[in-house]
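Chains as they are written, first to last, in this note's numbering: chain A, 42 to 213; chain B, 42 to 213. In what follows, a structure is listed as structure tokens, so that the remarks can point back to it.
There are 2 protein chains.
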Amino acid sequence: MPAVSDCINMLDSETKAVETPEDHAEELRLWLRLLTCTTLIEGEVRGRLRQRFDVTLPRFDLMAQLDKAPDGMTLSDVSKRMMVSNGNVTGLVERLVESGHLDRRTSETDRRVQVIRLTKLGRAEFRRMAAEHETWIADLFADLTPKDVRELMRLLAKTKASAQKSAGRRRP
Amino acid sequence: MPAVSDCINMLDSETKAVETPEDHAEELRLWLRLLTCTTLIEGEVRGRLRQRFDVTLPRFDLMAQLDKAPDGMTLSDVSKRMMVSNGNVTGLVERLVESGHLDRRTSETDRRVQVIRLTKLGRAEFRRMAAEHETWIADLFADLTPKDVRELMRLLAKTKASAQKSAGRRRP
DNA sequence: CCGAATTGCTTTAAGCCTAAAATGTTTCCC
DNA sequence: GGGAAACATTTTAGGCTTAAAGCAATTCGG
Chain A
42 MPAVSDCINM LDSETKAVET PEDHAEELRL WLRLLTCTTL IEGEVRGRLR
92 QRFDVTLPRF DLMAQLDKAP DGMTLSDVSK RMMVSNGNVT GLVERLVESG
142 HLDRRTSETD RRVQVIRLTK LGRAEFRRMA AEHETWIADL FADLTPKDVR
192 ELMRLLAKTK ASAQKSAGRR RP
Chain B
42 MPAVSDCINM LDSETKAVET PEDHAEELRL WLRLLTCTTL IEGEVRGRLR
92 QRFDVTLPRF DLMAQLDKAP DGMTLSDVSK RMMVSNGNVT GLVERLVESG
142 HLDRRTSETD RRVQVIRLTK LGRAEFRRMA AEHETWIADL FADLTPKDVR
192 ELMRLLAKTK ASAQKSAGRR RP
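Here it is, written out as structure tokens:
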């Protein structure tokens, strides 16, 4: 219950109360736990991909994006989807074209645009890796009940929306 | 409800049913959403740290670990806590010693061990950054109710335990 | 004791990643 | 049409990250 003096402060604030020096320790702990979970799982997946298939996680992620887009994607599309910088994608694609997993061609209608696709080899290898990858994920989350999974999905969707809104406030 | 043939299969499996080619699509979607949330927030924090304080996220994370350990930590401790490789810490520490934020000395009792601490400057700068950092996190999670936060904490704790168990099965 | 593991850290080689600047292309609009 | 703005990508410079190999120092077992 805010004190009267706080209510006065709240008036000249925009959307959120100024509030007395509040701690937000809970949110901080939540963020650290979220980060820990992701780092843990990501490290495990990275290691398994390397050991079983001698492939890096970024390469796998890029191929996963392309597997869902049979007609190919532009580098910008990939960059947005993967939430990484443009320059990053350039190098990643370079190496995957080199190894024969990707096909890259300049768009006929817009010469700025590069369209990339999985090659036959790339698709076959990705499918093989993805099948096993799915079992790893299932195993990593094995102790969660279906209800836990649903609830986490819901709360993470809410988290994502909240974070996007906050990021948008800063970068409109 | 598993079919009879599945139950037979379940008998010769260890802890978890073999089950017919199961899809696990829900767990996969959960993992991708978890990753998206983390990437989104991490990117936002990284950008703000750079713009406001001209500091990188890994440097900030390292300083955060040391702020909680007034008597210092060994590089191994830091490596475990941050869940990054040893070699990574070596370089990170090198740069932070160089910039005057960290103090590094060899342990008196075990000459293999390097103990690092925040310098006065390092601690002061970290505290300044951490205060603002906490408000960013609060803002990014602003749409979650206290109940949401509690529930997420609980489910992520369960997720972490599940993933650790799974990782441990592979690397005992 | 003393050699064999183990431990703590660093080095190496390769790749990932970002922000910012640069380059070439297209679109917009006057 | 012609210049300005917007766009897609690449380049650049620097830092982060990992796995694996290497080097000391310590501990352990006989």
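Every residue gets a Cβ at the ideal spot worked out from N, C-alpha and C, and that includes glycine. Since the structure is predicted, the reported quantities are computational estimates derived from the model, not experimental observations.
Nearest CB-CB separation between Q205 of chain B and chain A: below the 9 Å threshold. Segment contact: the region 109-121 of chain B against the region 176-192 of chain B, fewer than three CB-CB distances shorter than 8 Å; contact not assigned. Chain-ordered, the chain B residues with CB closer than 7 Å to the CB of K199 of chain A read D184, L185, D189.
With a beta-carbon spacing of about 6 Å, G163 of chain A and L143 of chain A fall inside the 8 Å limit used to define contacts.
Under the three-state reduction of DSSP, L162 of chain B is assigned to helix.
Distance from the CA atom of T160 of chain B to the CA atom of L137 of chain A, rounded to whole angstroms, is 45 Å. Interface residue (Cβ-Cβ distance to chain B less than 9 Å): L137 of chain A is not classified as such. In the three-state DSSP reduction, V125 of chain A falls in the coil class, being neither helix nor strand.
Between G84 of chain B and M170 of chain A, the CB-CB gap reaches or exceeds 9 Å. When rounded, the separation of the alpha-carbon atoms in D151 of chain B and V130 of chain B is 19 Å. Straight through space, the alpha carbons of V190 of chain A and L69 of chain B are spaced by roughly 10 Å.
Between G128 of chain B and chain A, the shortest Cβ-Cβ separation is not below 9 Å. The distance from the Cβ of R74 of chain B to that of L107 of chain B is about 32 Å, inconsistent with a contact at the 8 Å cut-off. Taking a Cβ-Cβ cut-off of 8 Å, T97 of chain B has no neighbours in chain A, whose nearest Cβ is about 15 Å from it. Apart from sequence neighbours up to five positions away, no residue of its chain approaches E149 of chain A with a beta-carbon distance below 6 Å. Within the region 127-206 of chain B, the complete alpha helix (DSSP H) segments at least 4 residues long are 127-139, 161-181, listed from N- to C-terminus. The shortest CA-to-CA distance from L71 of chain A to any of B:R168, B:G113, B:M194 is the one to B:M194. For T97 of chain B, the secondary structure class from DSSP, reduced to helix, strand or coil, is coil.
T77 of chain A and A202 of chain B have their C-alpha atoms some 11 Å from each other.
Within the DSSP secondary-structure output, T115 of chain B pairs in a beta bridge with B:V156. When secondary structure is reduced to three states using DSSP, E85 of chain A falls in the helix class.
When DSSP states are grouped into helix, strand and coil, D64 of chain A belongs to the coil group.
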